[in-house]
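First comes the structure, then the notes that go with it.
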Amino acid sequence: MENMKPKIILTGDRPTGKLHVGHYVGSLKRRVELQNSGEFDKIFIMIADAQALTDNADNPAKIRDNIMEVALDYLSVGLDPAKSNIFIQSHVAELTELTFYYMNLVTVSRLQRNPTVKAEIQMRNFEASIPVGFFTYPISQAADITAFQANVIPVGEDQLPMIEQTNEIVRHINRHFNTDILRECKPLLSKVTRLPGIDGQEKMGKSLNNAIYLKDSSEIIKEKIMNMFTDPNHLRVEDPGNVEVNTVFKYLDAFDPDLQELQEWKEHYKKGGLGDMKVKRRLNDIMQQTLEPIRERRLMFEKDKAEVLNMLKKGSESARPIAAETLNKLKEVFTLIY
Ligand code: TRP
Numbered sequence: 001m002e003n004m005k006p007k008i009i010l011t012g013d014r015p016t017g018k019l020h021v022g023h024y025v026g027s028l029k030r031r032v033e034l035q036n037s038g039e040f041d042k043i044f045i046m047i048a049d050a051q052a053l054t055d056n057a058d059n060p061a062k063i064r065d066n067i068m069e070v071a072l073d074y075l076s077v078g079l080d081p082a083k084s085n086i087f088i089q090s091h092v093a094e095l096t097e098l099t100f101y102y103m104n105l106v107t108v109s110r111l112q113r114n115p116t117v118k119a120e121i122q123m124r125n126f127e128a129s130i131p132v133g134f135f136t137y138p139i140s141q142a143a144d145i146t147a148f149q150a151n152v153i154p155v156g157e158d159q160l161p162m163i164e165q166t167n168e169i170v171r172h173i174n175r176h177f178n179t180d181i182l183r184e185c186k187p188l189l190s191k192v193t194r195l196p197g198i199d200g201q202e203k204m205g206k207s208l209n210n211a212i213y214l215k216d217s218s219e220i221i222k223e224k225i226m227n228m229f230t231d232p233n234h235l236r237v238e239d240p241g242n243v244e245v246n247t248v249f250k251y252l253d254a255f256d257p258d259l260q261e262l263q264e265w266k267e268h269y270k271k272g273g274l275g276d277m278k279v280k281r282r283l284n285d286i287m288q289q290t291l292e293p294i295r296e297r298r299l300m301f302e303k304d305k306a307e308v309l310n311m312l313k314k315g316s317e318s319a320r321p322i323a324a325e326t327l328n329k330l331k332e333v334f335t336l337i338y
């Protein structure tokens, strides 16, 4: 029966910064493909501002500003509000109410076992004083997913514990109350491995100052590529080089449309005789070609931010009644309808 039900996607991002090329190859590109595949009955893309506040409550202006940045990034890569419902989490108040009821079904020790939250707590030095909202965000994420009856969740590996938590809540309610009001979901992991920062560090990000952003100018992109970390032992052109440690090749793996030629270049580099400058120029040509149309579209949408905001409001308005329906069913189950 499950395969007769509508196929519904929900995914989203915390608006804590503008999006970079790692987001592009890791998730945005795939989302656009899913959107245009015509295989899905409904697609919800959520800007998770409320979740972003769970560890940024003292700096709401940052989240507010980045809602616009993320929305512009979405539109510029080709997410289309006519096909995907793009909305703002905090504008769908029903999600908060759902979260409140789900909280009764999750234990503190269960939350403590969530490896992603654990890692995040460490990274933020929250050990001594974790905001309750942050600690419980996996429950709120379960509300995001279940509210829209989403069954396909395109995410990175770090989000797997959230999907698991969601399905535990779904099964708990459906079994305990012998109902089917909530739907289990599956992750859709992206195939592309994580892009490193331009300095070769595993993670790319704002605080590390090592990211290439979708909105970077062509000059900045070129400068960043020319400064990319290569094989430190590849001193002379004729020396044999190591492809595995070379960031430029990792980016080519993600962006190069001609994988066969890329393979030849790799062999050449390993043998010696292929200079780093030449490889960087190849990457620059390819990335400029990919990113230019995205930047052009962004400039166009930037001219009318009021219209972008309007799009987000409309998206949120049409998302609300769907979440309200799920909330209503849950309230019935909890005998809260008087
Ligand atoms: N936690 C996700 C992130 O950090 C964002 C998010 C919030 C999300 N709610 C979601 C992702 C629901 C998928 C489904 O990127």
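Residues 1 to 338, numbered by the numbering used here, are exactly what the sequence shown covers, in order. Don't be surprised by glycine CBs; every beta carbon is placed ideally from N, CA and C.
Taken through DSSP and simplified to helix, strand or coil, D80 comes out as coil. Under the three-state reduction of DSSP, G205 is assigned to coil, being neither helix nor strand.
The segment 58 to 70 and the segment 30 to 40 do not touch, with fewer than 3 CB-CB distances between them shorter than 8 angstroms. D216 sits buried, since 16 or more C-beta atoms from the chains shown fall within 10 Å of its C-beta. Under the 10 Å beta carbon count, Y137 is surrounded by 16 or more other beta carbons and is classified as buried. If you ignore the 5 residues before and after I145, its C-beta comes within less than 7 angstroms of the C-beta of L10, I153, T166 and C185, all in its own chain and listed in chain order. Within the same chain, and ignoring the five residues on either side of K7 in sequence, the residues whose Cβ sits closer than 7 angstroms to its Cβ are E39, F40, D41, N151 and V152. Taking 7 angstroms as the cut-off, the C-beta of L10 counts as close to a heavy atom of the ligand TRP. In this structure G315 is in contact with I86, their Cβ atoms being roughly 5 angstroms apart against a cut-off of 8 angstroms.
Scanning the segment 229 to 306 from its first residue to its last, the whole alpha helix (DSSP H) runs of 4-plus residues come out as 247 to 255, 259 to 271 and 276 to 302. Distances from the CB of A323 to the heavy atoms of the ligand TRP are all 7 angstroms or more. Ranked by Cα distance from I181, the first of L235, I322, E127 and K18 is I322. A contact is defined here as three or more CB-CB pairs under 8 angstroms, and the segment 16 to 34 meets this definition with respect to the segment 188 to 198. In this structure the segment 325 to 334 does not touch the segment 226 to 245; the number of beta carbon pairs closer than 8 angstroms is below three.
K42 sits in a strand when the DSSP states are folded into three classes.
Assigned with DSSP and collapsed to three states, G12 falls in strand. Non-local C-beta neighbours of V279 in its own chain, meaning closer than 6 angstroms and more than five positions away in sequence, comprise V248, ordered along the chain.
For V155, the uninterrupted beta strand (DSSP E) run begins and ends at V152 to V155, by DSSP. About 6 angstroms separates the Cβ atoms of L79 and R31, confirming a contact at the 8 angstroms cut-off. Segment contact: the segment 283 to 296 against the segment 54 to 61, fewer than three CB-CB distances shorter than 8 angstroms; contact not assigned.
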